[in-house]
Amino acid sequence: MKDIAKTYNPKEFEDKIYSFWMEKGFFTPKIAPHKKPFTIVIPPPNVTGELHMGHALDNTLQDILIRWRRMQGYAALWIPGTDHASIATEIKVLDKIREETGKTKKDLTREEFLEKAWEWKDKYENRILSQLKKLGSSCDWTRTAFTMDEKRSKAVREVFVSLYEKGLIYKGNRIINWCPSCNTALSDAEVEHKEHKGHLWYIKYPVKGEEDYVVIATTRPETMLGDVAVAVHPEDERYKHLIGKTLILPLVGREIPVIADEYVDPSFGTGAVKVTPAHDPNDFEIGVRHNLPFINIMNENATINENGGKYEGLDRYEAREKIVKDLEEQGLLLKVEEHVHNVGHCYRCDTVVEPLLSEQWFVKMEPLAKPALQVVKEGKIKFVPERFEKIYTNWLENIKDWCISRQLWWGHRIPAWYCEDCGHVTVSREDPVKCEACGSTNIHQDENVLDTWFSSALWPFSTMGWPEETEDLKYFYPTDVLVTGYDIIFFWVARMIFMSLEFMKEIPFKYVLIHGLVRDALGRKMSKSLGNGIDPLEVIEKYGADTLRFTLVIGNAPGNDMRFSWEKVEHSRNFANKLWNASRYVLLNLDENDTNLYIDNLTLADKWILTRYNNIVKEVTDNLEKFELGVAASKLYDFVWSEFCDWYIELSKPVLYSDNEEAKKVTKSVLRYVLDNTLRLLHPFMPFITEEIWQNLPHEGESIMVAEWPKYREDLDFEEDAKKAEIIMEAIRAIRNIRAEANVSPSKKAKVIIAVEKEEHEKIFESGKNYIMKLAGASEVAIERNRGNIPQKAMSAAISAGLVVVPLEELIDLEEEIKRLEEEREKVLKEIERAQGLLNNENFVKKALEKVVNAEREKLEKYTAMLKNIEERLSLLNS
RNA sequence: GGGGUCAUAGCUCAGCUGGUUAGAGCGCUACGUUGACAUCGUAGAGGCCACAGGUUCAAGUCCUGUUGACCCCA
1 MKDIAKTYNP KEFEDKIYSF WMEKGFFTPK IAPHKKPFTI VIPPPNVTGE
51 LHMGHALDNT LQDILIRWRR MQGYAALWIP GTDHASIATE IKVLDKIREE
101 TGKTKKDLTR EEFLEKAWEW KDKYENRILS QLKKLGSSCD WTRTAFTMDE
151 KRSKAVREVF VSLYEKGLIY KGNRIINWCP SCNTALSDAE VEHKEHKGHL
201 WYIKYPVKGE EDYVVIATTR PETMLGDVAV AVHPEDERYK HLIGKTLILP
251 LVGREIPVIA DEYVDPSFGT GAVKVTPAHD PNDFEIGVRH NLPFINIMNE
301 NATINENGGK YEGLDRYEAR EKIVKDLEEQ GLLLKVEEHV HNVGHCYRCD
351 TVVEPLLSEQ WFVKMEPLAK PALQVVKEGK IKFVPERFEK IYTNWLENIK
401 DWCISRQLWW GHRIPAWYCE DCGHVTVSRE DPVKCEACGS TNIHQDENVL
451 DTWFSSALWP FSTMGWPEET EDLKYFYPTD VLVTGYDIIF FWVARMIFMS
501 LEFMKEIPFK YVLIHGLVRD ALGRKMSKSL GNGIDPLEVI EKYGADTLRF
551 TLVIGNAPGN DMRFSWEKVE HSRNFANKLW NASRYVLLNL DENDTNLYID
601 NLTLADKWIL TRYNNIVKEV TDNLEKFELG VAASKLYDFV WSEFCDWYIE
651 LSKPVLYSDN EEAKKVTKSV LRYVLDNTLR LLHPFMPFIT EEIWQNLPHE
701 GESIMVAEWP KYREDLDFEE DAKKAEIIME AIRAIRNIRA EANVSPSKKA
751 KVIIAVEKEE HEKIFESGKN YIMKLAGASE VAIERNRGNI PQKAMSAAIS
801 AGLVVVPLEE LIDLEEEIKR LEEEREKVLK EIERAQGLLN NENFVKKALE
851 KVVNAEREKL EKYTAMLKNI EERLSLLNS
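Here full-length UniProt numbering is used: the first residue of the first sequence is 1, the next is one more, and so on.
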């Protein structure tokens, strides 16, 4: 007999258990040909800071899958790592330097900055990895990777050079999104569009040499400094006569043509648009089509440059005000309207981005996107839930070339060297010492670094050592499932898919399991600015990692956002405590180191719980296979609480507290068996508590985390007997209900009569007498086949197998009892009506599944019998 | 403008490919310290499953439309 603490106290064992697993090396799989691999690569958290609730969710899901497959006998590998997060980290490091020394980026050399950045990375990488451990993540730490470490950098270099050689990476002068605050170009994916209440300014552009003018409408008057044309739709009757004429650009005085282009929407504004090819992607296209000049009017910090004449030096918004004012003074401003439009913002610092003509590096997307669309269309990669497939497809179908250069220091420096003598660009796998065209040593490397997502796109294979041909790649690649949030489908998921197809000639993963955001209790996004974020470590500190994990998983459907609340945490903690105490009950009663299950003399209750358990094994496994982790957790919760604890443990008490040693042995073995296997089913969800309890139980093997995942057992399926047990349970519920209705004190025992008609029912209740006495507070249970022996002054309730009667002479209010039974009768009548209606419907009987029809017949029979019992009682009471 | 999601008990949510008397937890009411657990037990109240049509023997579940909330993309 073992005793464990009276309440669940995770602090006492979580760290100890994690160290034990580490020492045993359970997290590192053995590459074995006879085993099937199961692989997950972690979505690498940014080394910007700490883990948040979203990480806790993401990693809990991964750990559940990994632990489950490991127990099923797979060589389960979960590769951990972190991401250098170029922009985000650079901002943080610069902030820190400024706080500490007052220096800004301009005061630093690249080397000085990088030194600080690596220090930062070391510190936060460490912190993040230890947080993952606290959560219980069973990652293989021997394979920990970082997007900028040597191996990963080699992969990045290989991919860049290779794509360049194939012509899929090019350098070009294009419109990009410029963040004036981060001082770098961004990709389209890094721009967030938000609605702004702005204005639509209507401005007159005079026609040269005529009294006439054209009115254009614009949301950004300051860009007129860079206007090179006005465009109208070729079919627009209002403007046809002006096409080809020349306008005088107000304030600037430049002569610009009126051109015709299909792109113009005649219904927007006035139908005439100003064309600024250096500051708008659509205007850029028009500019190319019509061979127009590109006039850049802005500096990198979003002030007006020398091309802006007298506005030079003004910030873009100051310039806007000034220009509007000047136009107004000159009588060229026709009107101003309120206008709501979408404005792009930097996803890191929220500054309004500036579309800017700039020379940057790009990845040509069309040839890469096509196969990436194909594999999803063909079902080689499946999104869970499916609807995210559409989002993915939609994005890739409309994709433009990917701008990959960033004007930053923290990241993979672009491996391109410019020759100062001949201008040739050398792109190579090894750092060159001379220009490959002219041989000059007068070369310098491109100052820019690559988009962070360029390196994370390679993660599924770079973590396994690519471009080397490693054992890991041969055995573990492709991975099985990627678990991530819907917010990075574009940034990351799509890019991993096309990079893998291009370089591995294979998909990177078979499934993409998408989860939602963890919101606060009010449904708001957790954010620093709102201060409503909750630190997962705080939850672990207060309630334990298992509780946190369970809270994040239970009842949640894939892809849906969830709300986090402390009530939910407590609820999960209560469950852990329940499990703990149920185990305590079992442990207190086990007195030998016996791991057998004795199935020869099982009681009805034993057979019932084994049947229910067997069923749960099947269902939970099935749910996990379909990635329905939230459903699996709910089922386990219900099984442990409502079936194992509420019923089976209570049913086991009469046996365990009896003197029948043989019966006790059997029941103990069932308790142990069901608990042991239920712990295994729960282990992926709550690894620590299950290990702690399991180690205290008589068991075989070193750890529950490498114990075998339970399987359905035909020989433990006692469906018929389980039904009998349920009939007894139904009677117990009915008696309890009567007693509660009659306000019988729980301590007061009362006699119970069960009237039955069928012999089989008589037998069932006969065998359940003990249970009924113990669980329904009965002093005596009489089973009657003769209705004449049932007293009038009694309360009764019809159940499917008969009539439960509790004679409580002094407590009976006859009128109340009649009213109660009449209500019962109404309910039953309604059911009979419903079932009869169905069965009388020829079409139902003909077309519905046989199973369904039979079920209805059984129900009808059952309710008819109940009705008969109720009516008999009523007539007796009314007489 | 295009696409998507959601609308189920007071609150937070489950409900898979249509077939259970529509569920859970919290909250609420009454009773209870029965030898695992008050982080608990027993019993109970509470829902025209947003609205309107349609398909079907059968609709919370499928289709169409309406209203409302949210998200993504341009």
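Backbone N, C-alpha and C fix where the C-beta goes; we use that ideal spot for every residue, glycine too.
Cβ pair residue i, residue j closer than 7 angstroms
| i | j | result |
| --- | --- | --- |
| VAL756 | GLY802 | yes |
| LYS830 | ASP721 | no |
| SER137 | ASP63 | yes |
| ASN623 | VAL631 | yes |
| ARG320 | GLU222 | yes |
| VAL363 | ILE169 | yes |
| THR595 | PRO698 | yes |
| ALA145 | THR463 | yes |
| VAL427 | ALA416 | yes |
| PRO385 | PRO250 | no |
| ILE40 | ARG143 | no |
| LYS510 | ASP472 | no |
| VAL47 | THR89 | yes |
| GLU235 | THR246 | no |
| VAL353 | VAL493 | no |
| ALA76 | ALA32 | no |
| LYS751 | GLY777 | no |
| MET866 | PRO536 | no |
| ARG563 | GLY516 | no |
| ASN301 | ALA278 | no |
Distance between beta carbons of residue j and residue i, contact taken as under 8 angstroms
| i | j | result |
| --- | --- | --- |
| ARG289 | ASP261 | 7 angstroms |
| LEU610 | VAL674 | 7 angstroms |
| TYR637 | PHE575 | 6 angstroms |
| LEU450 | HIS424 | With 8 angstroms as the limit, LEU450 and HIS424 do not qualify as a contact, their Cβ atoms being about 21 angstroms apart. |
| ASP140 | PHE27 | 5 angstroms |
| ILE772 | ALA731 | 6 angstroms |
Residue i - DSSP class collapsed to helix/strand/coil
| i | result |
| --- | --- |
| residue 937 | The shown model of the chain, from 1 to 879, leaves out residue 937, and the question about it has no answer. |
| ASN299 | coil |
| LEU811 | helix |
| ASP659 | coil |
| CYS419 | strand |
| PHE685 | coil |
| MET504 | coil |
| VAL47 | coil |
| ILE256 | strand |
| LYS626 | coil |
| GLU337 | strand |
| TYR202 | strand |
| GLN445 | strand |
| CYS645 | helix |
| THR452 | helix |
| GLU195 | strand |
| ASN342 | strand |
| ILE727 | helix |
Neighbourhood of residue i by C-beta, 6 angstroms cutoff - its chain only, sequence neighbours within 5 removed
| i | result |
| --- | --- |
| LYS197 | VAL340 |
| ALA782 | ILE753 |
| ILE540 | LYS134 and LEU548 |
| LYS121 | VAL47 |
| TRP410 | SER86, THR89, GLU90 and ALA117 |
Cβ shell of residue i (< 7 angstroms), same chain only, five flanking positions each side left out
| i | result |
| --- | --- |
| ILE704 | LEU679, ARG680, HIS683, THR690, GLU691 and TRP694 |
| LEU877 | GLN792, LEU814, GLU817 and ILE818 |
| ILE870 | ALA798, LEU821, GLU824, ARG825 and VAL828 |
Same chain, Cβ closer than 8 angstroms to residue i, five either side skipped, listed in chain order
| i | result |
| --- | --- |
| ASP715 | ILE599 |
| LYS664 | VAL655, LEU656 and SER658 |
| CYS438 | CYS419, ASP421, CYS422 and HIS424 |
Residue i: CB within 6 angstroms of a non-hydrogen atom of the ligand GTP
| i | result |
| --- | --- |
| ASN59 | Judged by which ligands are present, the structure shown has none, so any question about the ligand GTP falls away. |
- prompt: Which residue spans inside the segment 363-408 form an unbroken beta strand (DSSP E) run of at least 3?
  reply: Segments of the beta strand (DSSP E) lying fully in the segment 363-408: 382-384.
Runs of alpha helix (DSSP H) lying entirely within the segment 111-173, each at least 4 residues, in chain order: DSSP runs (the alpha helix (DSSP H)) wholly in the segment 111-173: 150-165.
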